[in-house]
Amino acid sequence: MLMGKSSVFKHPGVKAFFLYFVASQINDPLSVNFGGIPVTPLQIAILAGVAMNIKYWSPFVYKKLSLFYLFLLVIVFYTLVKLLSEGEMNLYFLTFTFNLLWVTTVSSSIVKIPIRKADYILILQRLILLLIPSVLFGMYELVTNKYAFPEGLGGAMKQGIDEGNFYVRGGFRDKFDFSSFIVLAPIIYLSCYFNDIKFSLLYKIIAFISVILLLSSYSSSVIIAFGIVVIYCFVFIANLRKSLGLVAFAVILIIGSLTYITQSDIYKTQMNAYNLKYQRQVEDKDESSFRWVAFNVGMEHFLDRPFLGFGLDNSKKVIFKYAPTISAKPTNSHNYFVNNLVDFGLLGFSILTGALVSLFLFYRKIRKWRSLIKPMADLVTLLLIFNVITFQTYYHTFDRSMYFILIFLIFLYFSLKLNDESAGMRTEDLSGGRRNPGVEVGSGA
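So for the sequence shown, my numbering puts the first residue at -1; every next one is plus one.
Spelled out as structure tokens, the structure:
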């Protein structure tokens, strides 16, 4: 069954994706705890998405994500070890399980009921519109210098507040989560702009405001990653005419944004906080280099337990133990791979890295065929670049919505390719020379 333009938003996979996308933006302020167990909008969205799409389960999708399931076993093992040895229950295994099950089932329905090429721009446009809540929350904070959600229903939002250091974070607990989510709007716009896909003024405004909010979040990791994405666009995607137009717009945006931001109260509080922080000395280095110090400490002590690591979420404790002056509380190396080496050793690190590399190779393979859906290919490429950069400058456990949104978009691109007859693409080309029963073009449940 092929989804037509009039019914694309009725597609069970697309509906589940949109629900997940919206829930991610309101998850932190609306989360509550019952007996120590979190109940969140994202959990509800995930369960609803799984229920809508479980009947489309695809062995092909599961096979492509099988290393992530192996990594789940590693997380469960380390969770049990931490519980038995330290008496602490870490819920990483729960959030990772929910997200992995969601992306497997929803991606399966996208593969079983492919989306037509004519409809994917509608999906991208809808994603930009669905960012309006985050844009509004962020604009409120930028204008009023007050948090939109200072506490949240369960008080979780208080955990992200740094006393005396206000920053824009919207409906997220952390500025990194907020900025790495709204960056979707300008990245979607760039991928379409350089491929002559025209958007109306509303979409341009949302993308423009998202960039201002991104800068106002003061999340250096995201700002650096987005800057590299823009440079990549100029070098590898843009033509001269498009480049000149975007450069002129970027100059106006930067000058206007810097003029506004440097006169705002947010800028003043940020500078005061940074000045206080940099006055401290760390092993003959000012604290501006605390990431480098933490990185070195993490790499040094990874060698103490190279195969099994120090255990789930213990990298922060290790770094704090051997470099206690770099922060008033346990910190991390701000490098995804170093933290995983310290936590899980070569065992867990090699499995997760293998899963990410396998996913990248799958995308690289399906991207070879020529088609009319280059904007979608560029979007996935830009998001891959963005996440690789933030992996080097920040650290989160692999249960953030953005990671699974990216995985879904890779399978959405694959779904589009399945219908790209002009590319001469066959399912058996992706299945080692034989047809995979889990992928049937035009099949329904």
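Even glycine gets a Cβ: it sits at the ideal position worked out from N, Cα and C.
In the pairwise beta carbon analysis, the segment 189 to 203 is classified as not touching the segment 355 to 363: fewer than three pairs are separated by under 8 Å. For residue 184, the enclosing alpha helix (DSSP H) begins and ends at 182 to 191. The Cβ atoms of residue 98 and residue 70 lie closer than 8 Å to each other. Contact between residue 119 and residue 195 is confirmed by a C-beta separation of about 6 Å, below the 8 Å threshold. By the Cβ criterion, the segment 207 to 220 is in contact with the segment 125 to 144, since at least three pairs of Cβ atoms, one from each stretch, lie closer than 8 Å.
In terms of Cβ geometry, residue 170 and residue 179 form a close pair [threshold 8 Å]. Around the C-beta of residue 51, 16 or more other C-beta atoms lie within 10 Å, and the residue is accordingly described as buried. Here residue 410 really is in contact with residue 108; their C-beta atoms are around 6 Å apart, less than 8 Å.
A distance below 6 Å between beta-carbons, with the five flanking residues on each side excluded, links residue 74 to the following residues of its chain, in chain order: 91.
With respect to the C-alpha of residue 64, the residue from 349, 139 and 156 having the closest C-alpha is 349. The beta carbon of residue 406 is closer than 7 Å to those of 15, 101, 104 and 105 in its chain, skipping five residues each way along the sequence. Spatial neighbours of residue 26 in its own chain (CB-CB distance under 7 Å, excluding positions within 5 residues in sequence) are listed in chain order as 150, 154, 155, 169, 170 and 171. Under DSSP, residue 36 shares a beta bridge with 31. In the three-state DSSP reduction, residue 371 falls in the coil class, being neither helix nor strand.
Here residue 10 carries a helix assignment [DSSP, helix/strand/coil]. Judged by their CB atoms, residue 387 and residue 223 are nearer to each other than the 8 Å cut-off. Straight-line measurement puts the Cα of residue 80 at about 6 Å from the Cα of residue 86. A distance below 6 Å between beta-carbons, with the five flanking residues on each side excluded, links residue 352 to the following residues of its chain, in chain order: 65. Boundaries of the alpha helix (DSSP H) around residue 338: 334 to 364. The Cβ neighbour count for residue 139, taken over all protein chains shown within 10 Å, is at least 16; the residue is labelled buried.
With respect to the C-alpha of residue 57, the residue from 110, 392, 227 and 125 having the closest C-alpha is 110.
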